[in-house]
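Peer 1:
Residue numbers (UniProt numbering): 1 to 276.
(1) Hey, residue 241 and residue 208: beta-carbon distance below 9 Å or not?
(2) In terms of residue numbering, what span does the alpha helix (DSSP H) encompassing residue 196 cover?
(3) Are residue 253 and residue 41 close, meaning C-beta to C-beta below 9 Å?
(4) Indicate the three-state DSSP secondary structure (helix, strand or coil) for residue 247 in the structure shown.
(5) In whole angstroms, what separates the C-alpha of residue 75 from that of residue 22?
(6) CB residue 255 to CB residue 204, shorter than 9 Å?
(7) When you compare only the Cα positions, how much space is there between residue 104 and residue 98?
(8) Determine the burial state of residue 233: buried for a count of at least 16 other Cβ atoms within 10 Å of its Cβ, exposed for fewer.
(9) Is the region 152 to 170 touching the region 214 to 234 in the sense that three or more CB pairs, one from each, lie closer than 8 Å?
(10) What's the C-alpha gap between residue 121 and residue 63?
(11) Report yes if the C-beta distance between residue 125 and residue 80 is below 9 Å; otherwise report no.
(12) Which of the three DSSP states is assigned to residue 3 in this structure?
(13) Closest to residue 216 by CA distance: which of 170, 119, 274 is it?
(14) Which residue marks the beginning of the alpha helix (DSSP H) containing residue 180, and which one marks its end?
(15) State yes or no: is the C-beta of residue 31 within less than 9 Å of the C-beta of residue 261?
(16) For residue 76, which three-state DSSP category applies?
(17) Report the partner residues of residue 107 according to the DSSP bridge assignment.
(18) Measure the C-alpha to C-alpha separation of residue 73 and residue 118 and round it to an integer number of angstroms.
(19) If distances are taken between C-alpha atoms only, which option among 274, 211, 87 comes closest to residue 176?
(20) Under the rule that 16 or more other beta-carbon atoms within 10 Å means buried, what is residue 166, buried or exposed?
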């Protein structure tokens with residue numbers, strides 16, 4: 001065991017049951033968020049009055065409007081933090097036994113990258129829950145990116161982020177086709193028919209999520225290549241690109257996101273958590 005792996009257990013929650021509980025709460029929160037995101041996107045695809053392609057802000061606002069919405073949003077924020085802890089645990093303790101090869105370190109690095117993205121999402125959810133309404137603050141992201149893109153390091157950094165997201169999307173689609181995602185759900189308490197249904201749901205969900213991530217990553221890479229921050233697409237912008245291909249395309253992807261949400265809820269109930 002490396003010195004890093006011997007120190008980390010003193011930092012992370014102990015015993016393992018604590019991390020397992022945080023991971024399951026994280027899966028539950030992510031599943032709920034994807035259910036809401038998918039539902040909003042379906043409404044946009046079929047042309048419901050007032051419905052538009054959604055980003056994380058609209059998802060959290062929708063959760064706030066539900067009965068006990070403020071409490072739910074707090075739970076989502078806490079759950080997302082739990083998922084961050086789980087991702088960092090996977091990376092630092094190497095719970096998946098990826099090792100220290102180049103490929104193994106790349107996978108562990110992606111766990112960190114994923115954790116940081118969800119940490120930002122948890123921060124935004126917590127901020128909205130704290131203030132109880134939409135946060136009115138200027139969008140400084142694109143001005144910052146425009147300034148950074150004037151420098152060579154900015155283009156390279158943005159390109160690297162975009163490439164990471166693009167590759168993550170392709171990996172998600174590969175996992176869907178190969179069925180490798182199926183090792184994350186414990187099917188011993190499910191019937192054969194339920195296992196098949198969960199498997200197909202996961203395939204659809206991972207495929208849809210992979211498509212969304214790949215498109216987001218592509219736009220990010222193109223923005224870096226052209227040094228144009230306006231080419232970056234967030235979740236809503238990615239859905240707009242899909243909608244331009246036709247409402248049927250957007251609707252299919254939206255259904256896939258709902259399927260991913262369902263799969264994450266199943267994973268929260270029947271998880272396989274290695275190394276903890």
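Note that CB positions come from ideal geometry on N, CA and C, so glycine has one too.
Peer 2: By the coordinates alone:
(1) no
(2) 192 to 226 is the span of the alpha helix (DSSP H), which, as asked, contains residue 196.
(3) yes
(4) helix
(5) 12 Å
(6) yes
(7) 4 Å
(8) By the neighbour-count criterion, in which a residue is buried when 16 or more other Cβ atoms sit within 10 angstroms of its Cβ, residue 233 is buried.
(9) yes
(10) 14 Å
(11) yes
(12) In this prediction, residue 3 has a pLDDT of 43, which is less than 50 and means its spatial position is unreliable; what the coordinates show is noted afterwards. DSSP places residue 3 in helix when its eight states are reduced to three.
(13) Nearest to residue 216 by C-alpha distance, out of 170, 119, 274, is 170.
(14) Looking at the DSSP string, residue 180 is not in any alpha helix (DSSP H), and its letter there is neither H nor E.
(15) yes
(16) Look at residue 76 here: in three-state DSSP terms it is helix.
(17) Partner(s): none; residue 107 has no beta bridge.
(18) One C-alpha to the other measures close to 15 Å.
(19) 211
(20) buried
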